[in-house]
Each structure stands twice: as C-alpha cells, then as structure tokens.
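Asks: The structure that follows is given in the form of structure tokens.
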Amino acid sequence: MGMKGNGSNHECSRERVKGEEEAAAELLLCREPIRIMSKGEVDYVHARGGFSFDSCRRNEMLLNKGLKPSSFLKTGTTIVGLIFQDGVILGADTRATEGPIVADKNCEKIHYMAPNIYCCGAGTAADTEAVTDTISSHLKLHRYHTARESRVVTALTLLKSHLFRYQGHVSAALVLGGVDVTGPHLHTIYPHGSTDSLPFATMGSGSLAAMAVFESKYHEGLSRDEGVKLVCEAICSGIFNDLGSGSNVDICVITKGQKEYLRNHLLPNPRTYISSKGYSFSKKT
Amino acid sequence: MGDSQYSFSLTTFSPSGKLVQIEHALTAVGSGQTSLGIKAANGVVIATEKKLPSILVDETSVQKIQILTPNIGVVYSGMGPDSRVLVRKSRKQAEQYQRLYKETIPVTQLVRETAAVMQEFTQSGGVRPFGVSLLVAGFDDKGPQLYQVDPSGSYFSWKASAMGKNVSNAKAFLEKRYTDDMELDDAVHTAILTLKEGVLTPAEIEDYLQEVE
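Those sequence lines, one after another, are chains A and B.
With the working numbering applied, the first sequence corresponds to residues 858 to 1142, in that order.
With the working numbering applied, the second sequence corresponds to residues 246 to 458, in that order.
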C-alpha cells in the first residue's frame, strides 16, 4: 500500500470512515472561492466568508453539554480498484449503513465522472455523491471547451483541491480510476485531500480484508476475466468479514474507448426467507 | 433628431424611445458573415460560411458552429469573441440546470437564460451590448426548434431565418423554398443553396441546380 507522507494522517482518515466523526474544533474563517449558482458568473468568485465553520463551534458546545449528534448515512464500505493489462477495474459492495442499521441494501457506490473515468466513494454518502457530481459537471464543461477526452489526473486534481479546501469536513474517501490518452490510471483520495497513485487500491471499513486478498493474489498483466474474478474475491472478502459492508458486488471495467458497468455482477446474499404462502397469525398473538 | 447626442451611453434612452447602442450593435451584426437556420420536420440545420481572411489561416482552428449540449447547437453573426463569451456562459447554465433538476435543459429554457444574459449587458453600467446575434438550434421532447437571439435580449422562434450580410436576399430565397414538411436532407440542401446565393451569380446557381437536380 502506498504509504506516502505521514502515516498518522492515514490512520486519521480511516477512523473517519469506520467510526463516529470527531467534532472539528478549528475555526477557519477563510476567504475561499465558491461557485455561485446563478446567471452570469463564468469563473469562481470570492464570496465573503466562504465556508462558515461557525456551526462546528456550536456543535462542539452542544456535545460538551451532552447532546447526541444526529447520525448520518455512511457507507461503511469496501471499495477496490486494480489495473489490469487493458485498463482499470473498479469494484464496490452495495450496503449503506446508518449507525448499526442497514439503510440501503443495494446502493450504487461507483459514480460516473466522465465516459472514461469512474469513481468509487466511501464515507458519508451525501458527501461522495455531491463531490463526484460537482466534479463530473466541471469535467463536462472542460470537455466542451477543450474538445478533448477528460484525463484522470484532471479529475484527481479537481477532487483533491475540493477536499483540501474543506479541510476534511467533506468526508469522502475515493478510489478514482480511468483510461485516457496517457494510459490506465488508478488513484486513491483521502478526505483531507492527499492522494496516492497505485496499481491496486482499497478503501473503506472493509479495506483491510480486501487488501489482504490483493496482496496475496495480484500480479501484473492480469487478463480481464482474471481481474474481474480477483476484484469479486476482494469485495466478497469485505462483504463477509466486515460488518459495514454487505449485499452485492458492483463492478466497472474501463478499457481504452470502452466501459462496462456491471451493476450487481454478483449476488452472494440473496433473500431466501420469503414464504410464498404468506404468514398467518391467529388473533390475539 | 437629437438621437446622436444619446448614442454614446447605453443606459440612456434617446428622445425617440430607442437605445441607440443596441441599434449600433444590430448594425455590427448586419455586417457580419451570413448565417442561417432551417427547421425541418425531423430536425434543424444551421449553417454559415467560413470565410477566412487569408489562405494562410489554419481553417481547422476556426469553429463557428459550437455545441452547447449534446442536443443544442449555436451559430452566430457578428463579433466572434463576443459569441465565445456567450457560448461559455450558456454551456455553464445548461450544466447547472442539469445538476439542479436532473433533466436535460429544454431549448426554450436555454434560450431564455442566454437572452437574459444579453439583456443584462444592456442595462448595466460600464458595459456594452454583445455584438452578435445567435441562432440556437435544438431538438428536445417538443421536437426540433430554432431560435434567434438579438443583442437587445429579445428572442424569436423561427421556421427559417438568416442573419448577417445579404439578409434580405437570403430570407427571400428561404421564403420561396421553405415548406413545412421538409426533410432534414432537403433542409441541408436548401441551406447550402441559400448561402451560395450571396456568393454566386444567378447564372451559376442555375447551373448548380441543374447539376444537382
């Protein structure tokens, strides 16, 4: 696993994914650019105040007074990616959790960024959706202006700049993969904005289980079928060994000029308990 | 008339009730390259002549017809740089609409927003109106549509229209040849003929028509 930079940073971000989010005590009043969703403006404009961290202070005060924070929908997750001989394969499980409850048994964690770039997201579901949507829009406008296919490094830089600007408050840990003119690329992006470039990567609460599979079985020059099989194994390892991951396996295979989005490629957890006759309960039970 | 005294400031009406700057902008459009659009039964065609100032200009670098969304395109008459700004803004607006409503922007909406931008520049201080008229062609669930947007910000829906030089000739030609149930191929053919009107003599056009038909 690429352990560039401070090891403790990595620990920090994994905590964020697995457990409760610590209240951020920093008060950053920064003049940062935000996009104005109205007519007229072409480029980013500096808004007064930027992202307001005032609520963070209030939240911390409330926590100290004993208020339990509202839980949000997280994707305690297993997401993986690997580079094979013709391109990139991304895989994800499909369980979304809200604390100990499974909120969505079949959610989509592989997000579209560009026709040749897809991104798996772990962390707070709303954050991953919003950030991938925003950057996907950005890339589309960029494609119109330049009349060229989007590059993976462009998506990478846009995502990491966005996440860094929000100082880790946007809780999105991403595995970004795609094939462009310079070849196949696979990157991981942590919520604070640091990135790694790897031949195989895993993120989310099930990342250790999945990484164990990759570390023992990955080799260069995998064929498409071998690659898909390996990714399925890794995700299944996460599904069966991690509580935060479960349900089905989604796969996305990206090669030069083509992509295959295999939604629910594997269903290792089918419902088997529905009685076709229905249930009858006698009165007063 | 005292109009000339009011012709420099955009934000001042002249006594005759006109904004003279906008009239001047329309003149700028009228001296631009001819562009036209024709709405057919199953599509829209927009066309323009790509007249380059010299044979040394790399023609692949000049793109007069631009795409705004996968189903809406635009051509202009007038100042090229002004049209680039509008194209950029329109693309962004289309994308924002899509992000907000998860629906591809209808042609009328995009035209309305573009026209609103053009109107803004006729009522703000320190700016001048855009020196372009746009022909926006699109196909959405309401079928094929063709709109013309002027520097004043007004927009019209046309069955067939032309802008720029030789407008009267081109429009007369279009009036003669336009039919409601035209197919897209016919429309393309007519568009090319209309453009050639301004370039070739009537005798040459006859020859061409005989050749083709």
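Even glycine gets a Cβ: it sits at the ideal position worked out from N, Cα and C.
Tell me whether residue 293/B is buried or exposed, calling it buried when 16 or more other Cβ atoms sit within 10 Å of its Cβ.
Replies: Per the 10 Å Cβ criterion, buried.
Asks: Rounded to the nearest angstrom, how far is the Cβ of residue 319/B from that of residue 396/B, given a contact under 8 Å?
Replies: 15 Å between Cβ atoms; not a contact.
Asks: I need the boundaries of the beta strand (DSSP E) containing residue 1185/A, first residue and last residue.
Replies: As displayed, chain A neither begins before 858 nor continues past 1142, which places residue 1185/A out of reach and without an answer.
Asks: I need the straight-line Cα distance from residue 923/A to residue 1124/A, nearest angstrom please.
Replies: Their backbone Cα atoms lie some 42 Å apart in a straight line.
Asks: Determine the DSSP secondary structure at residue 942/A, reduced to helix, strand or coil.
Replies: Of the three classes helix, strand and coil, the one that applies to residue 942/A here is coil, per DSSP.
Asks: Taking Cβ-Cβ distances below 8 Å as the criterion, which residues of the region 327-339 of chain B are in contact with chain A?
Replies: Correct list: 330, 333, 334, 336, 337 and 338.
Asks: Quick one, which residues of the region 980-1001 of chain A are near chain B if we go by CB-CB under 7 Å, in chain order?
Replies: Cβ contacts with chain B: 990, 994, 997, 998 and 1001.
Asks: Do you know whose CA, among 383/B, 303/B, 260/B and 288/B, lies nearest residue 312/B's CA?
Replies: Residue 312/B has its Cα closest to that of 383/B, out of 383/B, 303/B, 260/B and 288/B.
Asks: From residue 1025/A to residue 1049/A, what does the alpha carbon distance come to, in whole angstroms?
Replies: Answer to the nearest angstrom: the Cα atoms are 4 Å apart.
Asks: I need the DSSP call for residue 1069/A, collapsed to helix, strand or coil.
Replies: Residue 1069/A: helix per DSSP, three-state reduction.
Asks: If we define contact as Cβ-Cβ less than 7 Å, is residue 344/B a contact residue for chain A?
Replies: So, interface residue.
Asks: Answer yes or no: do residue 1054/A and residue 1044/A have a C-beta to C-beta separation smaller than 7 Å?
Replies: Going by C-beta atoms, residue 1054/A is nearer than 7 Å to residue 1044/A.
Asks: With DSSP run on the structure shown, which of helix, strand or coil describes residue 912/A?
Replies: The answer is helix: DSSP assigns residue 912/A an H, G or I state.
Asks: By the 9 Å beta-carbon criterion, what residues does the region 281-313 of chain B contribute toward chain A?
Replies: Result list: 308, 311, 312 and 313.
Asks: From the DSSP secondary-structure annotation, give me the bridge partner or partners of residue 1023/A.
Replies: Paired residue(s): none; residue 1023/A is not in a bridge.
Asks: For the candidate residues 1078/A, 917/A, 1063/A and 1106/A, whose alpha-carbon lies nearest to that of residue 967/A?
Replies: Minimum Cα distance to residue 967/A is reached at 1106/A.
Asks: Considering only residues of the region 406-432 of chain B, which uninterrupted alpha helix (DSSP H) runs meet the minimum length of 4 residues and lie entirely inside it, listed in chain order?
Replies: Those alpha helix (DSSP H) runs which fall completely within the region 406-432 of chain B and span 4+ residues are 412-422.
Asks: Within 10 angstroms of its Cβ, does residue 258/B collect 16 or more other Cβ (buried), or is it exposed?
Replies: When all chains shown are included, residue 258/B counts as exposed.
Asks: Using a Cβ-Cβ cut-off of 7 Å, state whether residue 979/A counts as contacting chain E.
Replies: In the displayed structure, chain E is absent; the protein chains listed are A and B.
Asks: Could you check whether the Cβ of residue 246/B sits closer than 7 Å to any Cβ belonging to chain A?
Replies: Model confidence at residue 246/B stands at a pLDDT of 45, short of 50, so the residue's coordinates are unreliable and nothing is read from them.
Asks: Can you check DSSP and say which residues form a bridge with residue 1097/A?
Replies: DSSP output for residue 1097/A lists no bridge partner at all.
Asks: Leaving aside the five residues before and after residue 297/B along the sequence, list all residues of the same chain whose C-beta is less than 8 Å from its C-beta, in chain order.
Replies: These residues qualify, in order along the chain: 304 and 307.
Asks: Are the beta-carbon atoms belonging to residue 973/A and residue 1036/A less than 7 Å from one another?
Replies: Cβ atoms of residue 973/A and residue 1036/A: closer than 7 Å.
Asks: Cβ of residue 266/B within 7 Å of Cβ of residue 374/B?
Replies: Going by C-beta atoms, residue 266/B is nearer than 7 Å to residue 374/B.
Asks: To the nearest angstrom, report how far apart residue 1034/A and residue 1013/A are at their CA atoms.
Replies: Each residue's alpha carbon lies about 9 Å from the other.
Asks: Among the residues of its own chain, which have a CB less than 8 Å from the CB of residue 1121/A, if the five just before and after it don't count?
Replies: Once the five neighbours on either side are set aside, the close Cβ partners of residue 1121/A are 951, 963, 1105, 1106 and 1107.
Asks: Among 940/A, 995/A and 1062/A, whose alpha-carbon lies nearest the alpha-carbon of residue 1092/A?
Replies: Cα-wise, what sits closest to residue 1092/A is 1062/A.
Asks: With DSSP as the reference, please indicate the residues paired to residue 972/A in a beta bridge.
Replies: The partner list for residue 972/A (beta bridge, DSSP) is empty, contrary to what the question assumes.
Asks: Under 8 Å by Cβ, that's how I've got residue 340/B and residue 998/A pegged, so tell me the actual separation to the nearest angstrom.
Replies: The Cβ separation is near 6 Å, so the contact holds.
Asks: Helix, strand or coil for residue 310/B, going by three-state DSSP, please let me know.
Replies: The answer is coil: DSSP assigns residue 310/B none of H, G, I, E or B.
Asks: Return the residue from the list 332/B, 385/B, 286/B and 344/B that minimises the CA-CA distance to residue 359/B.
Replies: Closest option to residue 359/B, Cα to Cα, is 332/B.
Asks: What does a CB cutoff of less than 7 Å around residue 376/B pick up in its chain, not counting 5 residues either side in sequence?
Replies: Once the five neighbours on either side are set aside, the close Cβ partners of residue 376/B are 270, 273, 274, 323, 324, 327 and 396.
Asks: Excluding sequence positions up to five away, which residues of its chain have a Cβ less than 6 Å from the Cβ of residue 1142/A?
Replies: There are no such residues.
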